[in-house]
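A.B. asks: Got a structure for you, questions after.
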Amino acid sequence: MSELENKIIHIANKALLPKQNIIDIAGDINSGFVRIVLDSEKNISLKETTYLTKFLNKSLEFDSLFPNGYRLEVTSPGVDSS
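Structure below.
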């Protein structure tokens, strides 16, 4: 895992609910693309992914990782994933 991905995880973990986990993360400082995949024992709701998205969008610490801006995607694997 890259240093950037570790920093993203550190920031995102502050907003996760109990028993939620980040199972995959991709971040590229050059393109500004960030993709975070959450999972939990319970289904992850749209409200929960939206909460994390808003938390990160308001985070100066997260914003400072991408001085040229970023495109953020927060998702969950869904029922069809294996």
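Numbering (the numbering used here), first residue to last: 369 to 450. Built from N, CA and C at the ideal position, the CB exists for glycine as well.
With distances taken Cα to Cα, identify the nearest neighbour of Glu441 among Met369, Pro435, Ala380, Glu371.
C.D. replies: Looking at the Cα atoms, Ala380 is the closest of the given residues.
A.B. asks: Sort Thr443, Arg439, Gly446 by Cα distance to Ser399 and report the nearest one.
C.D. replies: The shortest Cα separation from Ser399 among Thr443, Arg439, Gly446 belongs to Arg439.
A.B. asks: Between Glu373 and Asp392, what straight-line distance do the alpha-carbon atoms span, to the nearest angstrom?
C.D. replies: 10 angstroms
A.B. asks: Exposed or buried, what is Glu429 when buried is set at 16 or more other beta-carbons lying within 10 Å of its beta-carbon?
C.D. replies: exposed
A.B. asks: From the DSSP output, read off the bridge partner residues of Ile393.
C.D. replies: Ile404
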